[in-house]
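Below is one structure, written out as structure tokens; the observations come after it.
Okay, structure coming up:
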């Protein structure tokens, strides 16, 4: 059995060594920490570090380390209680120019971090994390619906030639003021026939004119509210996935609230920014008949236009009508402009948007088109001791370039900084929030499983593995022991791969690891049974080993490829614990293919190769 | 150590008609249980009520869970909300039948009943805010994409088996998959075990385990057909099962040991997962022995289906 190739020995040794290396970080559990980042215009430097240290010492908060890491100041503490006290201390000491946030700093040694080794992030059920409660502002949605009905009723009445005085928003819907009661009845009939969603009642204005009140039915409003929340949940899920946050919990709570829970107390500042953001792009045409400077000075802007400003404060007069907006996007990504090297956002429109853009650019080659960056940022002020949440909307023209050629579906937009472009691309991709959502509550939560359950789970996993190892050794003797060694390395390599990729570990994931290991032994069972069969048929020990491995390989391959396909299905089943479970199973099948066959073969060849054997201990 | 007689030649296919009939009956029974009795969907699927409680003195999460369990509120998700005194409890509305009035769930009633259960153990428990509904974790989109994924997986496996073996094997594998999955889910529905995300994960893992098992037997069938001269299908199939019997039983035993340890000692978190896997392993093993091959026999598998096609030398192929 000396024909086991040398290079395979080397391969096994290298893989095992790498496995141990990349699985090692999991031994180093992360440490509670507080991170300080600077707001725009301020920096992190040594004076800030000293200030932080003094503040902590003064408040008698024992810290283990306060150091500048990259563009943040990181202070580490012994446990979460000290961490909470420290975060309060630092927040009051450092003032409003810096953002203080809780964090879990990794304690993995530097030399491991350099090669890209890190620990597996733990899921919500094992670790706990941050809990956000978001309030969805339904009024904006209702207003949009009101506007829609308003436009519809106006055009309907005009179509049917019913004269009216005014159509305006009022109450829970639209108020129509007419001239005669005859007109009113005709209008009521027309509106009732046109839409099932409205409840129409006759009223009279204070001036005595006959009027109609068309209110949106409550069920319609309720369905609208539900759809809004559902769409927001989907959008939030996309955004958090894009952040790379592992396995969040996103759930509807009550009529108008959404719960978002992120495992591990991570960079909450980043998460908060993404969660509530409503940045989007709008493309407008310039009104070339108006001089912007004059318009700004005189304050006279034609009714179909609006005055905007660009980044440098220069005024621009743009038509109110939106050519295309962020809602009509199919995909967006951040890249770099080929000519100028500036960061840009590549945009792909859906078919309706593409048509509109194509029409516009065809008719307007040589004329400028403005890109407006629209963003609403949440502001929290303390008024009379109570927190007041409000929105600040910025609408800035980032680009007003001349249309060089005709385009429709795909194009690039420059004019933003790199980070802004990246965030914008994520937001555009994840979809716009159907209604603005604000974070109204933020807390730290414990693991949803509870420490006692986690301990029980760990113990059971170790017990199960120990039993399988013992059973294999008893039943297959020496070959069983070799299989056990392979199983151990299977676990190590599996953990290493999962850590390197960054798969979140949840309780189902742990169960999946146990299952994978329990099934990995199957390949070894196949090989051992085949070797026994060959021995029974009279082959020499060495030939039996060779034949056993050869013949079993086809079976192992077929069985595992089909199993792999099944795991693939699991992986694509959307987000959540199931996806992590599927990934674990998938990686586990691959690693077990390697360890159960190649590693055991190598060990067996090393033990038996070159010796004259009479019997095999199998 | 050898448990099984390596030269056994039990005629499993003799009971072919009986075993397949039993399987069909079990499948019908499973469909009955799943549709009529329905699955006992857990909090992840149904959503429920959120009750937030605060205590005057520090309290332990295990304590709260215990107090809820003794009053009959099992399967509640209890979490600490920062600090040692605030607790959040999520439970299904149907855990408290008294709170459902005329088919409408009243969260206030649920909160009141939960509070009563907690105050029986600790007088200092109180509601920190009014209760709320919580939506499910697994929405309709996940369910739909799940069904699509299962179909794609099955089609993929059938194509692979059709290429590596022969199309009859693909159909036999499909039949066995459906058989194993339906019966496992049927048993879960029959005993009304709570069906949460971990149980769903293990049902899908059972699919993987089951196909693994079938392919090992099919592989032996293919090998025996190709190597034996007088390949009487029934004979070959029987021998294939006998040859792989030792491996089939041992593998299910080993995997069963790990799941058994999880089931007995793993605590409620992995309970559902472990018992579902155990059921799946038993059903899968039995179907590998008693179901897959009779189906293969009835589909009319024979030696010539498995012979490799001689394409390289057309002269050779023309010769008799």
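Chains as they are written, first to last, in this note's numbering: chain P, 1 to 618; chain Y, 1001 to 1320. The beta carbon of each residue, even a glycine, is placed where N, CA and C say it ideally should be.
How about residue 1295 (chain Y) and residue 1112 (chain Y): are their beta carbons less than 9 Å apart?
no
Closest by CA to residue 1032 (chain Y), which one among Y:1187, Y:1041, Y:1116 and Y:1044?
Y:1187
Can you give me, in chain order, the residues of the stretch 1023-1051 of chain Y that have a beta carbon less than 8 Å from any beta carbon in chain P?
1047 and 1050
By DSSP's criteria, residue 348 (chain P) is part of a beta bridge. Which residues make up the other side?
P:331 and P:410
Does the separation of the CB atoms of residue 1279 (chain Y) and residue 467 (chain P) fall below 9 Å?
no
Which of helix, strand or coil does DSSP assign to residue 1 (chain P)?
With a pLDDT of only 44 at residue 1 (chain P), under the threshold of 50, the placement of this residue in the model should not be trusted; the figure read from the coordinates follows. Here residue 1 (chain P) sits in coil by DSSP.
Looking at the secondary structure, which residues open and close the beta strand (DSSP E) in which residue 1032 (chain Y) lies?
Premise fails: residue 1032 (chain Y) lies in the alpha helix (DSSP H), 1016-1032, not in any beta strand (DSSP E).
Along the beta strand (DSSP E) that carries residue 99 (chain P), what are the first and last residues, could you check?
98-105
Of the residues P:205, P:182, P:162 and P:192, which one's Cα is nearest the Cα of residue 175 (chain P)?
P:205
According to DSSP, residue 200 (chain P) sits in a beta bridge with which residue or residues?
P:214
For residue 85 (chain P), name the three-state secondary structure that DSSP assigns.
helix
For the putative contact between residue 1043 (chain Y) and residue 1075 (chain Y), defined by C-beta atoms under 8 Å, what is the C-beta separation to the nearest angstrom?
7 Å
Step through the CB atoms of chain P and report whether any lies within less than 9 Å of the CB of residue 1160 (chain Y).
yes
Please say whether residue 580 (chain P) and residue 514 (chain P) have beta carbons closer to each other than 9 Å?
no
For residue 1275 (chain Y) and residue 534 (chain P), the rounded distance between their alpha carbons:
37 Å
Can the beta-carbon of residue 412 (chain P) be found less than 9 Å from the beta-carbon of residue 324 (chain P)?
no
Kindly indicate which residue of P:146, P:479, P:295 and P:418 has the alpha-carbon position closest to the one of residue 615 (chain P).
P:479
Please report how far the alpha carbon of residue 1156 (chain Y) lies from the alpha carbon of residue 458 (chain P), in whole angstroms.
35 Å
Could you name the residues of chain P that residue 1079 (chain Y) contacts, counting a contact when the two beta carbons are closer than 7 Å?
445, 446 and 448
Taking only heavy atoms of the ligand HEM into account, decide whether any of them is closer than 8 Å to the Cβ of residue 1008 (chain Y).
Of the ligands one can find in the structure shown there are none, so the ligand HEM has no counterpart to examine.
For chain Y, find out if any of its Cβ atoms is closer than 9 Å to the Cβ of residue 494 (chain P); answer yes or no.
no
Residues of chain P with CB under 8 Å from residue 1225 (chain Y), in chain order?
In chain order: nothing, as chain P lies at least about 14 Å away.
What are the partner residues of residue 169 (chain P), as DSSP defines its beta bridges?
P:174
Run through the DSSP bridge pairs and tell me what residue 1209 (chain Y) is partnered with.
Per DSSP, none; premise fails for residue 1209 (chain Y).
For residue 1254 (chain Y), which residues in chain P fall below 8 Å Cβ to Cβ?
468, 471, 472, 518, 521, 522 and 525
Return the residue from the list Y:1206, Y:1210 and Y:1239 that minimises the CA-CA distance to residue 1222 (chain Y).
Y:1239
Do residue 305 (chain P) and residue 295 (chain P) come within 9 Å of each other at the CB atom, strictly closer than that value?
yes
Under DSSP, the beta strand (DSSP E) around residue 134 (chain P) begins and ends at which residues?
129-136
Our contact map puts residue 567 (chain P) next to residue 1208 (chain Y) with C-beta atoms below 8 Å; I'd like the distance itself, whole angstroms only.
6 Å
Residue 286 (chain P) in three-state terms, based on DSSP:
strand
Using CA atoms only, rank isn't needed, just tell me which of P:76, P:259, P:17 and P:94 is closest to residue 55 (chain P).
P:94
Output yes or no for whether 9 Å exceeds the beta carbon distance between residue 1122 (chain Y) and residue 1067 (chain Y).
yes
Answer yes or no: does any C-beta atom of chain P fall closer than 9 Å to that of residue 1260 (chain Y)?
yes
For residue 1127 (chain Y), which of Y:1086, Y:1232 and Y:1284 has the nearest alpha-carbon?
Y:1086
Secondary structure at residue 309 (chain P), three-state DSSP: helix, strand or coil?
strand
Consult DSSP for residue 57 (chain P) and reduce its assignment to one of helix, strand or coil.
helix
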